[in-house]
Amino acid sequence: MTHSRRTILQRTGLAGTAIVGGATGTVGASDDARVDGTITDFGSPVAGATVTFDGEGAGSEGELTTESDEDGSFSRTLSPGTYTMTVAADGYAEETRSVAVESGDAVTVTVQLDRSWGPGEGELELDVTRRGGGRTIPSYVTVYGDEVYGEYAPRGSIPDPDQHGRGFVVSEGWWEIRVSNVDGYSDGYAAVYVPADETVRPWVQLSAGEETIARMGTIAGRILGGSSVPIADATVTVDGEPIPIAADGTFETDVAHGRHEVEASAPGYEPRRRTVEARFGRTTTLPVRFATDSNES
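Counting in the UniProt record's numbering, the final residue of the sequence shown is number 297, and the numbers go up one at a time with none missing.
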């Protein structure tokens, strides 16, 4: 198997953007307003998320709710007013923001959810075959969640049918699976939700080929000043380690799957600090802007 190509996944997540909103049009002749939105997890849609609006416009109805579709989109008609919008989905931390709408407004919001795990535990088992089925294939399996676990599966299944063991005992929540080191096959991927006190057994199918999925993630970005030009003598550290910055202000580094502390500094400005989530085989984009009139990055 060659490791010259690193990408079956290649999605990009934008660090630090939870909700971005703005009025984009009008509803029509009605005095009502409408909120349209999209809910994502690292660029992928989140279906079945509950979106709740609670505020002065709800009146006697109390909380107003809707749910995201398969493509992560949702829409809710509201009376004019200011609302607390809460987005909740299994395996994710709740996101809460304030949304104000006026009569006839059509407001668009984008919500990026962060995964969360626990407090319960479940069990993750799996089988690996070629695409379409057949005998299981010996492979190396790595699972990623609030921890990272890896195990060689000599018969292509976890637990090994000859050992009568257990699968991975994991925190309840979303887990991603990377299957690698199978001659003649590209690496495999799956994502599954593991409920507390339950066993989940996905089937990972491998395609013939030589494509690989990188075991590391990437954090990349660009440091700019208020005039959108690079800042001389700026520095970036990830978990305390300095990262080289190019002349145009760009930086990039490979990191382990998980959350990392990033700090950007520049002479004459307050440092910017942020916890950034990196995922194996993908890039987290972290734009950093220093300006004299704002402390936002």
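Glycine included, C-beta positions come from ideal geometry on N, C-alpha and C.
G249 and G81 have their C-alpha atoms some 42 Å from each other. Distance from the CA atom of P161 to the CA atom of Y269, rounded to whole angstroms, is 59 Å. Classified as exposed, G240 has fewer than 16 neighbouring CB atoms from the shown chains inside 10 Å of its CB. Put simply, the backbone Cα of S228 is about 14 Å away from that of A234. By DSSP's assignment, F168 forms a beta bridge with L124.
For R274, the enclosing beta strand (DSSP E) begins and ends at R272 to A278.
T218 and G43 have their C-alpha atoms spaced approximately 15 Å apart. No residue range can be given for W117, since it is assigned to no beta strand (DSSP E) and is classified by DSSP as neither H nor E.
Taking E63 as the centre and dropping the five residues before and after it, the same chain places the C-beta of T52, F53 and D54 closer than 8 Å to its C-beta, in chain order.
Per DSSP, the beta-bridge partners of Q205 are T129. Shown here for T84: same chain residues with a beta carbon closer than 7 Å to its own, the five before and five after excluded, namely D54, G55, T96 and S98 in chain order. In this structure, W175 sits near V143, with a CB-CB distance shorter than 7 Å. Boundaries of the beta strand (DSSP E) harbouring D41: A33 to D41, taken from the DSSP string. The secondary-structure analysis by DSSP pairs H260 across a beta bridge with V276. One thing to note: V111 has its Cβ no nearer than 7 Å to the Cβ of S139. E56 carries a helical assignment under DSSP once its states are collapsed to helix, strand and coil.
Around the Cβ of D105, a 10 Å sphere holds 16 or more other Cβ atoms; the residue is buried. Of the residues E252, L124 and V128, the one whose Cα lies closest to the Cα of A196 is L124.
Residue burial is scored here from C-beta neighbours: D187 has at least 16 other C-beta atoms within 10 angstroms and is therefore classed as buried. Less than 7 Å separates the beta-carbon of T50 from that of A88. For R135, there is no enclosing beta strand (DSSP E), as DSSP marks it with neither H nor E. Where Y144 is concerned, the enclosing beta strand (DSSP E) starts and stops at S139 to Y144. In the structure shown, the three-state DSSP call for I223 is strand. Leaving aside the five residues that flank E147 on each side, the residues in its chain whose CB is nearer than 8 Å to its CB run, in chain order, V170 and S171.
Rounded to the nearest whole angstrom, the CA to CA distance from P271 to D69 is 39 Å.
The beta-bridge partner set that DSSP reports for G173 consists of V194.
Listed in chain order, the non-local C-beta contacts of R215 below 6 Å within the same chain comprise F280, local neighbours out to five positions each way being set aside. Here the C-alpha atom of G118 lies approximately 11 Å from the C-alpha atom of D90. In the three-state reduction of the DSSP assignment, I245 falls in the coil class, being assigned neither a helical nor a strand state. In this structure, the CA atom of A153 is about 26 Å from the CA atom of A278.
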